[in-house]
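Undergrad: As given, the protein sequences belong to chains A and B, one line each in that order. Here our numbering is used: position 246 in the first sequence is 249, and no number is missing along the way. Here our numbering is used: position 405 in the second sequence is 408, and no number is missing along the way. A virtual CB, placed ideally from N, CA and C, is assigned to each residue, including glycine. Note that the structure is a prediction, hence the values are computed from the model and not measured.
Protein chains: 2
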Amino acid sequence: VTGRLVELGQRSETVRRANLSAIVRALHVSGPLSRSELVARTGLTRSAIRDLVGDLVAMGLVTEGAAAALGTPGRPSRVVSLDTHAAVVLALEIAVDSLAAAIVGLGGEVFASTRVERPAGHDSPDAVVADLLRLVTEVRTGREDGPLIGIGVAVVGIVRRSDGVVSTAPNIGWRDAPLGERLTAALGAPVPVFVANEADLAALAEHRRGAAAAADDVIFISGEVGVGGGIIVGGAPLLGVAGYGGEVGHLPVNPEGRACRCGSIGCWETEIGEEALLVAAGYPPDGGREAVDALLREAIGGSVRARASLERLGHWLGIGLAGLVNVFNPRLIVLGGRFGRLHSFVRRTIEAELDARALAAPRALVSVVPTALGEDAPLLGAAELALEPLLADPGSVVGARSADPAQAGFR
Amino acid sequence: VTGRLVELGQRSETVRRANLSAIVRALHVSGPLSRSELVARTGLTRSAIRDLVGDLVAMGLVTEGAAAALGTPGRPSRVVSLDTHAAVVLALEIAVDSLAAAIVGLGGEVFASTRVERPAGHDSPDAVVADLLRLVTEVRTGREDGPLIGIGVAVVGIVRRSDGVVSTAPNIGWRDAPLGERLTAALGAPVPVFVANEADLAALAEHRRGAAAAADDVIFISGEVGVGGGIIVGGAPLLGVAGYGGEVGHLPVNPEGRACRCGSIGCWETEIGEEALLVAAGYPPDGGREAVDALLREAIGGSVRARASLERLGHWLGIGLAGLVNVFNPRLIVLGGRFGRLHSFVRRTIEAELDARALAAPRALVSVVPTALGEDAPLLGAAELALEPLLADPGSVVGARSADPAQAGFR
């Protein structure tokens, strides 16, 4: 009989954890919700919501407002809000031509953020970490935020999730760089550091609170110099065995074509990367964002060469996207980074290629849209990554935090 | 207080269902297990396993053997087995050049099966359904199986999972064929009919009990005339919005290449399909499996032309697989159907292309292996699909069945 009671207790604890997580996730993604809305969102009963919200109030994660009449029949329903200062994370981004840092609270509120442009270069991981430290100091100076529970890092390279090693980042010249370890040491942070690919994290952010918030099967594609991809399958990020998944820029679309930075030939990146766009329009291959902006101004002004280069880009974008539509049957394709800025120029070409090349059934179900979060999508995704342990198990993080007050900050 | 008790009851029921499912799935995939092994597999306590197994015995789904000494310290542990006759499913397959039917019990045991070759042709869905009915009669004649709980159908086309409409099946000439509806009517079956793509189901079967049983990130690729694909991401089948996902044969690998049956140009299928292999070796494009077998005999005999065609096939297989490795970071690539039979001929070429073209980090983690289940993989996957409701919720299916004895059979 004792065994049965213990077991019942264990089972209930498992369910309680899942239910607390469901409530915190709903509030995190949607903002304040009435108890009635939480009932509708979670499928839990009214009494369960009352009890669980009570638990979350006791943990200091949520607050309840006064009951508000909703203009609908029945009792007024109290509004439940996350305390966005109850836990914060540090989000960092290492892009090709900029570094960024932000302090983000529960609920995704950005309390402070900064970004510095830098020449697209091949700085060592140590130099980049030193630059990031300055940004962290800047972004935290003069602030009194809630307890820090994690650090998320978006990096323009493919990353082993388990330890934050950047396996390869051709656009910044890194190979097997132990970024997670270096950052942990440099920050002296007694909280976990999570490193991931920037496009994977942008996809996560767009799925949580951006262009893809209503879709569970999503392809995000972005890129400045190169091409990045992040994929959501059935509501969950596609990671693969080690977190390397999503590298759509290295699908072979033209095996007799140009050499790719990755060592292969004719990867999609060689046709839709920045270099191909610029060269076809008569710009230097390494002209960067300024050259792309100039090219777009030329196109608006009617330049045949600029327009032909954009047409060519749209053609190759459509070819590759048609293949991804066939493989993933996605609801949404979100164009981020440079592709987001180009979307209005290449939209019709992309749609025509999808009509011509994708299988009719999945093609009919997909839409192509530009990013809603813009340039900050990877940084916001890094924050989401660092918040994930709390979202998955609200009690454990709060418990761990309060058990060790030293975790409330870092040097 | 009443609310709390009701809620506690609901929570416990949710967990009980999940736990029953975990036990039945473990037995279904692995065969008989001792109670101790079930403890290790499920993470549940010994007392929970005892109670839950008791429930499953009461439902008639499992039996317990006498306690057997295991040669290890501690009490002997009783062996728990599924009653493979407690529930059976009917599995059907519509391939390009054959039809098949099987009666499969819980645990995946095949009680009876039959396959008939047929000319690769463009029979109407009604004609195919009529032929399937004859196979069903044949496979059931003289048998006294347990209650039928579902029908699974593997078809060589892309399928809307929700209603079993075959959106397009170019290799048998179907378009928007309501196969699920027709089969339900023709079979007069009071059990659900589940239709899905044959490669998706082959991937499911290889993941459950075949070459990919130990891997959670898997790409299965097969094909006779065309090319089929089925993908497992994080342990779950990649379906996409409507179930159309996995069509890797229609990735664009050569956009200046040949016209594809799907209407696009240069799909992977145009380079690795049967026709390309045969034509390059001097065989008629529609020579079918006999011609492929003759080509392989020629290659074994030293024919330069046959060997060059296989080399070419391996080259293009490797190119596309490199792209899939970059996108999915899979643990395993399983070659089924014709690719399984060809594996030993093209293995070295594929591996060399992966070395040359895939990103180093995901490439290092992937292996390419031939199918373990062979030609019957789609049929076994169809059985798995039909068994899924019982595996997910053992109580519900048993309850529904016993509430309506008429469901024990069909005309």
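Could I get the ranges of all uninterrupted beta strand (DSSP E) runs contained in the stretch 151 to 221 of chain A, with 3 residues as the minimum, in chain order?
TA: 151 to 158, 161 to 163, 168 to 172, 177 to 181 and 196 to 200
Undergrad: Do V158 of chain B and L182 of chain B have their CB atoms nearer than 8 Å?
TA: yes
Undergrad: Counting only beta-carbon separations shorter than 8 Å, does E141 of chain B have a partner in chain A?
TA: no
Undergrad: Please name the residue or residues paired with T66 of chain A in a DSSP beta bridge.
TA: A:S84
Undergrad: Helix, strand or coil: which one does DSSP assign to A103 of chain B?
TA: strand
Undergrad: Please return the same chain residues whose Cβ sits closer than 7 Å to the Cβ of E141 of chain B, not counting the five positions on each side in sequence.
TA: T117
Undergrad: Would you mind reading off the limits of the beta strand (DSSP E) that contains P373 of chain B?
TA: Note, P373 of chain B: beta strand (DSSP E), S370 to P373.
Undergrad: Please report the straight-line C-alpha distance between Y362 of chain A and V119 of chain A, rounded to a whole angstrom.
TA: Checking the sequence shown, residue 362 of chain A turns out to be Leu, not Tyr. Each residue's alpha carbon lies about 43 Å from the other.
Undergrad: Tell me the residue span of the alpha helix (DSSP H) that contains V307 of chain A.
TA: V307 to F331
Undergrad: Could you give the distance in angstroms between the alpha-carbon of I224 of chain A and the alpha-carbon of L338 of chain A?
TA: Inter-residue distance for I224 of chain A and L338 of chain A is about 5 Å (C-alpha atoms, whole angstroms).
Undergrad: Residues of chain B with CB under 7 Å from V330 of chain A, in chain order?
TA: G248, G249, E250, V251 and L254
Undergrad: May I have a chain-ordered list of the alpha helix (DSSP H) segments no shorter than 4 residues that lie completely inside the stretch 230 to 317 of chain B?
TA: 271 to 275, 277 to 283 and 291 to 303
Undergrad: When the distance is taken between beta carbons, is I268 of chain A closer than 8 Å to W319 of chain A?
TA: no
Undergrad: Identify the contact partners of D220 of chain B in chain A, using a Cβ-Cβ distance below 7 Å as the criterion.
TA: Under the 7 Å cutoff, chain A gives G243 and V244.
Undergrad: Along chain A, which residues have their Cβ under 7 Å away from the Cβ of R334 of chain B?
TA: For R334 of chain B, the residues of chain A that pass the 7 Å Cβ criterion are V244, in the order they occur in the chain.
Undergrad: Rounded to whole angstroms, what's the CA-CA distance from A359 of chain A to G155 of chain A? Just pull it up for me.
TA: 41 Å
Undergrad: On the three-state DSSP scale, how would you describe A411 of chain B?
TA: Here the model assigns A411 of chain B a pLDDT of 41, short of 50, so the residue's position is not dependable and the matter cannot be decided.
Undergrad: Helix, strand or coil for E16 of chain B, going by three-state DSSP, please let me know.
TA: helix
Undergrad: Looking at C-alpha atoms only, which residue of A:T17, A:P288, A:A103 and A:A25 is the closest neighbour of L47 of chain B?
TA: That would be A:T17, whose Cα lies nearest to the Cα of L47 of chain B.
Undergrad: Looking at the secondary structure, which residues open and close the beta strand (DSSP E) in which T117 of chain A lies?
TA: Here the beta strand (DSSP E) through T117 of chain A covers V113 to E120.
Undergrad: Count Cβ pairs between the stretch 288 to 297 of chain B and the stretch 224 to 243 of chain A that sit closer than 8 Å; are there 3 or more?
TA: no
Undergrad: Which whole-angstrom value is the C-beta distance of I26 of chain B and V56 of chain B, which I expect to be below 8 Å?
TA: 7 Å
Undergrad: Is V2 of chain B buried or exposed, if buried means 16 or more other CB atoms sit within 10 Å of its CB?
TA: Nothing about residue 2 of chain B can be reported from this structure: the residues present for chain B run from 4 to 414 only.
Undergrad: So which residues on chain A does V159 of chain B lean against when the C-beta distance must stay under 8 Å?
TA: Result: empty, since nearest Cβ-Cβ is about 14 Å, beyond 8 Å.
Undergrad: Just how far apart, CA to CA, sit A403 of chain B and L388 of chain B?
TA: In this prediction, A403 of chain B scores a pLDDT of 47, lower than 50, which makes its location untrustworthy; the coordinate-derived value is nonetheless stated afterwards. Cα-Cα distance, rounded: 18 Å.
Undergrad: Please name the residue, chosen from A:L93, A:G232, A:A172 and A:G266, that lies closest to R146 of chain A on a Cα-to-Cα basis.
TA: The residue with the shortest Cα to Cα distance from R146 of chain A is A:L93.
Undergrad: Is the stretch 379 to 394 of chain B close to the stretch 24 to 38 of chain B, with three or more CB pairs under 8 Å?
TA: yes
Undergrad: So what does S225 of chain B bridge to, in DSSP terms?
TA: B:G231
Undergrad: Just tell me which of B:P193, B:D129, B:E40 and B:G377 has its CA closest to the CA of G343 of chain B.
TA: B:G377
Undergrad: Can you check whether the CB of A284 of chain A is closer than 8 Å to the CB of R264 of chain A?
TA: Between R264 of chain A and A284 of chain A, the CB-CB gap reaches or exceeds 8 Å.
Undergrad: For chain A, check one thing: does any of its Cβ atoms lie closer than 8 Å to the Cβ of I175 of chain B?
TA: no
Undergrad: Counting only the same chain and skipping the five closest in sequence on each side, list residues whose C-beta sits under 7 Å from that of R164 of chain B.
TA: These residues qualify, in order along the chain: A199, L242, A245 and G246.
Undergrad: To which residues of the same chain is A215 of chain B closer than 6 Å at the C-beta, ignoring the five residues directly before and after it?
TA: Excluding sequence neighbours, A215 of chain B sits near E209, V221, L335 and V337.
Undergrad: Report the rounded CA-to-CA distance for S347 of chain A versus E356 of chain A, giving the unit in angstroms.
TA: If I take the Cα positions, the gap works out to 15 Å.
Undergrad: Taking the runs of the alpha helix (DSSP H) that are 4 residues or longer, which of them lie wholly in the stretch 336 to 389 of chain B?
TA: 340 to 360 and 363 to 366
Undergrad: What does DSSP give as the partner residues of V92 of chain B in its beta bridges?
TA: B:V107 and B:G153
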